[in-house]
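Enquirer:
Number of protein chains: 2
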Amino acid sequence: MTDSNSQASSSAPSIPGDALPPVEQHAVQYATVRNAHETELIEDYVELIGDLLKHRGEARAADIANRMAVSQATVSKMIRRLNELELVTSKPYRSLFLTEAGQKMAETSRARHDIVLHFLRALGVKDSTARIDAEGMEHHVSDETLAIMQRFTEQQQNS
Amino acid sequence: MTDSNSQASSSAPSIPGDALPPVEQHAVQYATVRNAHETELIEDYVELIGDLLKHRGEARAADIANRMAVSQATVSKMIRRLNELELVTSKPYRSLFLTEAGQKMAETSRARHDIVLHFLRALGVKDSTARIDAEGMEHHVSDETLAIMQRFTEQQQNS
DNA sequence: CATAATTGTTAGCCAAGGCTAAACTGTTTG
DNA sequence: CAAACAGTTTAGCCTTGGCTAACAATTATG
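Top line first, the protein sequences correspond to chains A and B. First residue of the first sequence: 1, per the UniProt record's numbering; consecutive thereafter. First residue of the second sequence: 1, per the UniProt record's numbering; consecutive thereafter.
So this is what it looks like as structure tokens:
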């Protein structure tokens, strides 16, 4: 352990991004991101399946492959994983459906996604950019920040 | 190709997150995120090495391992990659240094990171949360959004 | 200065998430 | 109703980014 704990442990939230955070805090940041990455893809699939079911009535592997710009083989493999995680049910060659848990995840993800998207638009980001950014950001926004984003969007609308 | 192009192709930026985006646009969103993921880790390493050099004068593998909460073996392997990409130079058992390209990347990453972090704080997110969120978000924020965030933060400060 | 502790590297393992090619199933249609 | 086409699955490959364990080099210390 070379890397001693910065200097003083004073809580200095006002000083800008200068000065390295203490090791443990820094470690938590990176670990949190790594962790998010593990669930990210899963959530994206589940969210998309939910959307397809809602808007199209069915969710076929081919649709998912097209929308995600990924091969059908990749989707097929992923569906197996989603099955094992009991997020979707699937009969071979038939549309997918979400389990209870899957539906819950889909709703949560969709809600997060929408909050971020609406927030970005309220900030003044143009639609096409906002959509791309929201897709990437949604998995990395804490509940605290999410709540603030929502409040901001609402205030923006009443004015 | 089952998934026909939603309905009308009218530009409707005002309607909420309802309705699926057209297939190609949707595909671009996901592809963009996938792409970001590939460079993300690299950027994080380079950024951290830059910070360590700046604040400590040296960047040792052990420090990186501690700060990233990852094994030394993982760091060692990663450093080999960074070497191949000509982002860092390293002699065994010596501190790392950034190449020109590495320094450039470190600065860019650091700048993005700071803009996002300051923005979140300006929004009212508490410091510890803002740090975690910024770490995850920074790689998924477009230049357009970044510029808006920066402006927002500045306005917030002059008031 | 010899040995202990720290730091770094290598080898070899694993899971995830891509891909292509080939095989199989279901549906449509001549 | 058979053949063609569209959709799905499987097999097998690759890269990334983790890990542990074992070994090597450097640095610190009794």
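No residue lacks a Cβ here, since even glycine has one placed at the ideal position from N, Cα and C.
Is the Cβ of residue 77 of chain B closer than 8 Å to any Cβ of chain A?
Expert: Taking the second sequence and counting its residues from 1, the one referred to as residue 77 of chain B is at position 77. No, residue 77 of chain B does not count as interfacial toward chain A.
Enquirer: Counting contacts by CB-CB distance shorter than 8 Å, is residue 137 of chain B in contact with chain A?
Expert: Position 137 of the second sequence, counting from 1, holds the residue named residue 137 of chain B. Judged by the 8 Å Cβ criterion, residue 137 of chain B is in contact with chain A.
Enquirer: Any idea what DSSP makes of residue 128 of chain A, helix, strand or coil?
Expert: Taking the first sequence and counting its residues from 1, one reaches residue 128 of chain A at position 128. Correct three-state label for residue 128 of chain A: helix.
Enquirer: Taking the runs of the alpha helix (DSSP H) that are 4 residues or longer, which of them lie wholly in the stretch 44 to 94 of chain B?
Expert: Taking only runs of at least 4 residues, the alpha helix (DSSP H) segments lying wholly in the stretch 44 to 94 of chain B are 61 to 68, 72 to 84.
Enquirer: Considering residue 120 of chain A, what are the terminal residues of the alpha helix (DSSP H) in which it resides?
Expert: Here residue 120 of chain A corresponds to residue number 120 of the first sequence, with the count starting at 1. First-last of the alpha helix (DSSP H) with residue 120 of chain A: 100 to 123.
Enquirer: Please report the distance separating the alpha-carbon of residue 24 of chain A from that of residue 101 of chain A.
Expert: Your numbering for residue 24 of chain A matches position 24 in the first sequence. Your numbering for residue 101 of chain A matches position 101 in the first sequence. Spanning the two alpha carbons is a distance of roughly 33 Å.
Enquirer: Classify residue 57 of chain B: buried if its beta carbon has 16 or more other beta carbons within 10 angstroms, exposed otherwise.
Expert: On the second sequence, position 57 is the one that residue 57 of chain B refers to. The residue in question, residue 57 of chain B, is exposed, as its Cβ has fewer than 16 Cβ neighbours within 10 Å.
Enquirer: Quick check: what's the CA-CA separation for residue 53 of chain A versus residue 97 of chain A?
Expert: Numbered from 1 along the first sequence, position 53 holds the residue referred to as residue 53 of chain A. Numbered from 1 along the first sequence, position 97 holds the residue referred to as residue 97 of chain A. Looking at the two C-alpha atoms, the distance is approximately 8 Å.
Enquirer: Determine which residues share a DSSP beta bridge with residue 96 of chain B and list them.
Expert: Counting from 1 along the second sequence, the entry for residue 96 of chain B is found at position 96. Paired residue(s): B:90.
Enquirer: Does any CB atom of chain A fall closer than 8 Å to the CB of residue 5 of chain B?
Expert: Position 5 of the second sequence, counted from the first residue, corresponds to residue 5 of chain B. In this prediction, residue 5 of chain B scores a pLDDT of 43, lower than 50, which makes its location untrustworthy; no coordinate-derived value is stated.
Enquirer: Looking at residue 60 of chain B and residue 109 of chain B, is the spacing between their C-beta atoms short of 8 Å?
Expert: Stepping through the second sequence from its first residue, residue 109 of chain B is reached at position 109. Stepping through the second sequence from its first residue, residue 60 of chain B is reached at position 60. Their beta carbons are not under 8 Å apart, which means residue 109 of chain B does not touch residue 60 of chain B by this criterion.
Enquirer: How about residue 91 of chain A: is its C-beta nearer than 8 Å to some C-beta of chain B?
Expert: On the first sequence, residue 91 of chain A is found 91 positions in, with the first residue counted as 1. Cβ-Cβ to chain B under 8 Å: no for residue 91 of chain A.
Enquirer: Could you check whether the Cβ of residue 107 of chain A sits closer than 8 Å to any Cβ belonging to chain B?
Expert: Here the question's residue 107 of chain A lines up with position 107 in the first sequence. Answer no: the Cβ-Cβ gap between residue 107 of chain A and chain B never drops below 8 Å.
Enquirer: Are at least three pairs of beta-carbons, each pair with one atom in the stretch 40 to 49 of chain B and one in the stretch 70 to 86 of chain A, less than 8 Å apart?
Expert: Contact between the stretch 40 to 49 of chain B and the stretch 70 to 86 of chain A is absent, because fewer than three Cβ pairs lie under 8 Å.
Enquirer: Residue 152 of chain B touches chain A at which residues, Cβ-Cβ below 8 Å?
Expert: As a position in the second sequence, residue 152 of chain B is number 152, starting the count at 1. Those within 8 Å of residue 152 of chain B in chain A are 123.
Enquirer: Under 8 Å between C-beta atoms, does residue 179 of chain A make it to chain B?
Expert: Examination of residue 179 of chain A is not possible in this model, given that chain A is present from 1 through 159 alone.
Enquirer: Helix, strand or coil for residue 18 of chain B, going by three-state DSSP, please let me know.
Expert: Mapped onto the second sequence, residue 18 of chain B falls at position 18. Note: residue 18 of chain B maps to coil in three-state DSSP.
Enquirer: Going along the chain, which residues of its own chain have a beta-carbon closer than 6 Å to the beta-carbon of residue 149 of chain B, five neighbours each way excluded?
Expert: Position 149 of the second sequence holds residue 149 of chain B. The residues are 115, 119.
Enquirer: Below 7 Å on C-beta distance, what does residue 142 of chain A contact in chain B?
Expert: Numbered from its first residue, the first sequence carries residue 142 of chain A at position 142. Chain B residues near residue 142 of chain A: 129, 132, 133.
Enquirer: Does the CB of residue 42 of chain B have a neighbour CB from chain A at under 8 Å?
Expert: On the second sequence, position 42 is the one that residue 42 of chain B refers to. So no, residue 42 of chain B is outside the interface.
Enquirer: What did DSSP end up calling residue 13 of chain A once you bin it into helix, strand or coil?
Expert: Numbered from 1 along the first sequence, position 13 holds the residue referred to as residue 13 of chain A. Since pLDDT at residue 13 of chain A reaches only 41, below the 50 mark, its modelled position is unreliable, and the value read off the structure follows with that caveat. The answer is coil: DSSP assigns residue 13 of chain A none of H, G, I, E or B.
Enquirer: Are residue 30 of chain A and residue 68 of chain B close, meaning C-beta to C-beta below 8 Å?
Expert: If you number the first sequence from 1, residue 30 of chain A lands on position 30. If you number the second sequence from 1, residue 68 of chain B lands on position 68. Result yes, Cβ atoms of residue 30 of chain A and residue 68 of chain B sit closer than 8 Å.
Enquirer: Can you tell which of A:90, A:147, A:134 has its C-alpha closest to the C-alpha of residue 129 of chain B?
Expert: If you number the second sequence from 1, residue 129 of chain B lands on position 129. Among A:90, A:147, A:134, the Cα nearest to that of residue 129 of chain B is on A:147.
Enquirer: Would you say residue 140 of chain A and residue 33 of chain A are within 8 Å of each other, going by their C-beta atoms?
Expert: Along the first sequence, one-based indexing puts residue 140 of chain A at 140. Along the first sequence, one-based indexing puts residue 33 of chain A at 33. Cβ atoms of residue 140 of chain A and residue 33 of chain A: closer than 8 Å.
Enquirer: Where does residue 33 of chain B fall in DSSP's three states?
Expert: Along the second sequence, one-based indexing puts residue 33 of chain B at 33. Three-state result, residue 33 of chain B: helix.
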